[in-house]
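Asks:
Chains as they are written, first to last, in our numbering: chain Z, 1 to 456; chain X, 1001 to 1456.
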């Protein structure tokens, strides 16, 4: 088909939406290392995992053999409320950049959670409901995941307890109110509702909290309450599996118009969006059918792939979760206080870590003022005010398009626009006022994190 | 076609998008009364209007003969960035209500302005650019219109000066930051940058501002600055014309599936969304081709249609704008401070006022706690957190669907979901905390507004 006929937004028909998730691990010849029990350092069993996660999700977590896993009818029904998401041809951005590159972005922000997180939230809530649970617990930082989960739980009439990093709870009352509107209870973390919370408050009375700490509280709340399980919005294999719906839709939309991408770009915090976006394309690469350039983009102030270590590490501060082999800055790492762009997690999905270590994917780190410059430029020509997280991918997409302008290459660039920035205006205000600065940690700054790596 | 095949979201193809706006006045046998010069009380001329508005927009304002007006190519290009908007079948809401009614909503919130306002903003910015102007001025209350206009001006590289009602400027810093991100300058109103602002500040030093006052300031700023014109986001004929894109898309989507609506519902502040949504259907009714029930929904605390007078009135506090014959509470009317749901304007589009007066449309007023109850119910089952304004329409759509449940009628209900409530969480918080109260003004409460009606 002639490229001129490509519309601004490619929407799949409902009948073209994926009926199964794609499990990239099944196509990996070398599998990611297993999760380890934090006490015994032996691979966790299904029984152990099922104490923390819903049983079906624990199975998905350990399943590295089934290529496709069917999406239950009830989840597909929910997906139809806000999916398929559009694959947008960035005609206006291309024109502004005067680039011969063709730029597409998969936009996941057209739902009230404001991001792709809903894709996994609804799956996790569904399996919790199926298992007859009363509710789930989770942590949230900026609030995207907590919002997505509260929406999903409200739909299935499940109780939802969110531990929200205290500094966000106080600075983002609107996110908190969205969660409450969906019926969730939101507790600032650390709190006195858990042992680990009380312990942290005792040791650090003035702390404003961290994601790792909120995870520990949420896990404790789940395992100590009858009928509850813990759910997590990124990093995990099951999350990447659910998020494969992004990549599957993207691939179907591209295939529909005969478009072959050259470069696929995604921001990377824990890896949920990037993993979901690239997985079906990575599958083709792993099977030797096609080749693509994949680029993970992370903040220079939280550079787990580009400057971290590939090692077994704790996923949480309280060290109650299984150990994962991943690129990590150490569970003791905390990004600089001036960092405003999200993607603050110390580690990275084990699947992505393995693919990166095997040379199948690249990674780049970018500084935040350059990220907000790209965000503003994008907002003005494409009409969507992007989330700071997503803007990491925009930055590199623009950089790649500008390279094409120099070389004259007509590359096709696809990136993931994970969400909108409507609840991030404090960061935009800082940028608009010229008060945003960059910060690249020194090797010494990173050392305290590495010191927290488990001795094993 | 079998109704069972109707997807959750009906998207038109780009090729099916409207190429012309529909001008309902051309089909009205009895035309709305003309705008009057506030000094002479004679119908305003094109020359007079062109001193305030761009010339092409002044022409559109006075044009009650052309049925269709072509949408310029550049505007259609911009529309493609965020349109067509989906017509959503509210399957989940229907199931929740257990109603035999079929409910559809046209969702205009999937763009960064968060509402339908962008449809007219981009048109007004385009004509300003065409005329070689440097920039435009406007007022904004909650900030939806100001945001839409700042996006449109940024796209055409026009200067954008927004006078924002002071209380909103202070309480909604995030809306302000979105406008600044799009390059607009935002001034709290009343301000000392205009004569009328200084006058109001002198007379009412502690005032938190009003929409009528911000309009006066924006008009003064436009007419006193070389190369600037004033633009307005509602009430005007030109705005209803541009917003007809909502109704045209809705009708095309319904026609595509052979769906015949019985009831069409929209919230009504100044009338921009309601007028745009119903106009092509009203055209059929006016031409005697079909019949529909139209319902305008307004807040009980600002009941211009249900309790106002059909009279010539000022559109602004400073009385610099032309007089319009409309349903009005008087330009001196200010809604109760406890009102949190938007739709605060004292008057109503002249076109809609005339249609209502001629018995072609109904109107209902609803109280705000009932509105937020409907908003929350809708958010939980349909996955979209609606704007308080839009939720007025949701309230009546739910009421109508529940009536169908009683009577067993399988009515097809269509309503306009004008936008999202992401910047309205202060109001939701009030509701979530059980701190929201209702207020129905007494006839005496309304009297000061009526006292401000012009003597003529």
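No residue lacks a Cβ here, since even glycine has one placed at the ideal position from N, Cα and C.
Which ranges would you report for the beta strand (DSSP E) in the segment 1379-1438 of chain X if only whole runs of at least 3 residues count?
Replies: Complete beta strand (DSSP E) runs here, min 3: 1412-1417.
Asks: For residue 1164 (chain X), name the three-state secondary structure that DSSP assigns.
Replies: Strand.
Asks: Does residue 267 (chain Z) come out as helix, strand or coil in the three-state DSSP assignment?
Replies: Looking at residue 267 (chain Z) - three-state DSSP - the assignment turns out to be strand.
Asks: Can you give me the start and stop residues for the beta strand (DSSP E) that residue 89 (chain Z) sits inside?
Replies: First-last of the beta strand (DSSP E) with residue 89 (chain Z): 87-89.
Asks: Less than 9 Å between CB atoms is the rule here; does residue 185 (chain Z) satisfy it with respect to chain X?
Replies: Chain X contact via Cβ: absent.
Asks: At the 9 Å Cβ level, is residue 1002 (chain X) part of the contact set with chain Z, yes or no?
Replies: Legend: pLDDT at residue 1002 (chain X) = 48, less than 50; position of this residue unreliable, no value from coordinates given.
Asks: For residue 1096 (chain X), collect the residues of the same chain with a Cβ closer than 7 Å to its Cβ; drop the 5 residues on either side in sequence, then sort them by chain order.
Replies: Within the same chain, residue 1096 (chain X) has close Cβ partners 1381.
Asks: Closer than 9 Å, CB to CB, is residue 9 (chain Z) near chain X or not?
Replies: Yes, its Cβ sits closer than 9 Å to a Cβ of chain X.
Asks: Could you pull the start and end residues of the beta strand (DSSP E) that residue 293 (chain Z) belongs to?
Replies: 293-299 is the span of the beta strand (DSSP E), which, as asked, contains residue 293 (chain Z).
Asks: Does DSSP put residue 1304 (chain X) in a helix, a strand or coil?
Replies: Residue 1304 (chain X) falls in the helix class under three-state DSSP.
Asks: What does the Cβ neighbour count give for residue 1001 (chain X), buried or exposed, with the cut at 16 atoms within 10 Å?
Replies: Its pLDDT being 43, under 50, residue 1001 (chain X) is placed unreliably in this model, and the value from its coordinates should be taken loosely. Burial call: exposed.
Asks: Taking all protein chains shown into account, do 16 or more other C-beta atoms lie within 10 angstroms of the C-beta of residue 1434 (chain X), making it buried, or fewer, making it exposed?
Replies: So residue 1434 (chain X) counts as exposed.
Asks: With DSSP as the reference, label residue 448 (chain Z) as helix, strand or coil.
Replies: Looking at residue 448 (chain Z) - three-state DSSP - the assignment turns out to be helix.
Asks: Which partner residues does residue 175 (chain Z) have in the DSSP bridge list?
Replies: According to DSSP, which records beta bridges pairwise, residue 175 (chain Z) is partnered with nothing at all.
Asks: Could you list the residues in the segment 65-83 of chain Z with a C-beta less than 7 Å from some C-beta on chain X, going in chain order?
Replies: Listed in sequence order: 80, 81, 82.
Asks: Within 10 angstroms of its Cβ, does residue 1451 (chain X) collect 16 or more other Cβ (buried), or is it exposed?
Replies: Residue 1451 (chain X) should be labelled exposed.
Asks: Let me confirm a value: residue 1229 (chain X) is counted as buried when at least 16 other C-beta atoms fall within 10 Å, else exposed. Which label applies?
Replies: By the neighbour-count rule (16 or more Cβ atoms within 10 Å), residue 1229 (chain X) is buried.
Asks: What I want to know is whether the C-beta of residue 1009 (chain X) ends up closer than 8 Å to one or more non-hydrogen atoms of the ligand ATP.
Replies: In the structure on display, the ligand ATP does not appear, and there are no ligands present to speak of.
Asks: Using CA atoms only, rank isn't needed, just tell me which of X:1187, X:1085, X:1043 is closest to residue 1141 (chain X).
Replies: The shortest C-alpha separation from residue 1141 (chain X) is found at X:1187.
Asks: Assuming residue 470 (chain Z) and residue 211 (chain Z) make a contact with CB atoms under 8 Å, what is their CB distance in whole Å?
Replies: Here chain Z has residues from 1 to 456 only, and residue 470 (chain Z) is not among them.
Asks: How many angstroms separate the CA atom of residue 306 (chain Z) from the CA atom of residue 385 (chain Z)?
Replies: Going by the C-alpha atoms only, they are around 27 Å apart.
Asks: Along the chain, where does the alpha helix (DSSP H) containing residue 1083 (chain X) start, and where does it finish?
Replies: Unbroken run through residue 1083 (chain X): none, as it is neither H nor E.
Asks: With 9 Å as the threshold, decide whether the Cβ of residue 1151 (chain X) is near any Cβ in chain Z.
Replies: At least one chain Z Cβ lies under 9 Å of residue 1151 (chain X).
Asks: Identify which residue in Z:183, Z:258, Z:32, Z:67 has its Cα closest to the Cα of residue 355 (chain Z).
Replies: Among Z:183, Z:258, Z:32, Z:67, the Cα nearest to that of residue 355 (chain Z) belongs to Z:32.
Asks: Can you check whether the C-beta of residue 1432 (chain X) is within less than 9 Å of a C-beta belonging to chain Z?
Replies: With 9 Å as the cut-off, residue 1432 (chain X) counts as an interface residue toward chain Z.
Asks: Examine the Cβ distances between the segment 1416-1435 of chain X and the segment 1321-1332 of chain X and report whether three or more of them are shorter than 8 Å.
Replies: Taking 8 Å as the limit for Cβ pairs, the verdict is that the segment 1321-1332 of chain X does not touch the segment 1416-1435 of chain X.
Asks: Tell me where the beta strand (DSSP E) around residue 1363 (chain X) begins and ends.
Replies: Residue 1363 (chain X) -> beta strand (DSSP E) spans 1362-1366.
Asks: Quick check for students: name the residue ranges of the beta strand (DSSP E) that lie wholly in the segment 190-256 of chain Z, counting only runs of 3 or more.
Replies: Runs found: 228-230.
Asks: Is there a Cβ of chain Z sitting closer than 9 Å to that of residue 1381 (chain X), yes or no?
Replies: It does; some Cβ of chain Z falls within 9 Å.
Asks: Alpha carbon to alpha carbon, what distance is there between residue 449 (chain Z) and residue 335 (chain Z)?
Replies: The alpha-carbon atoms of residue 335 (chain Z) and residue 449 (chain Z) are separated by roughly 10 Å.
Asks: Whose C-beta lies closer than 6 Å to the C-beta of residue 10 (chain Z) among residues of the same chain, with five residues either side of it excluded?
Replies: Answer for residue 10 (chain Z): 87, 253, listed in chain order.
Asks: Since residue 376 (chain Z) meets chain X, which of its residues come closer than 8 Å, beta carbon to beta carbon?
Replies: Within 8 Å Cβ-Cβ: 1181.
Asks: Of all the residues that make up the segment 383-415 of chain Z, which are near chain X by a beta-carbon distance shorter than 7 Å?
Replies: Going along the segment 383-415 of chain Z in chain order, one finds 383, 384, 385 with a Cβ nearer than 7 Å to chain X.
Asks: Would you give the residue range spanned by the beta strand (DSSP E) that residue 1065 (chain X) belongs to?
Replies: First-last for residue 1065 (chain X): undefined, no H or E at that position.
Asks: Tell me the DSSP bridge mates of residue 1028 (chain X)?
Replies: Paired residue(s): none; residue 1028 (chain X) is not in a bridge.
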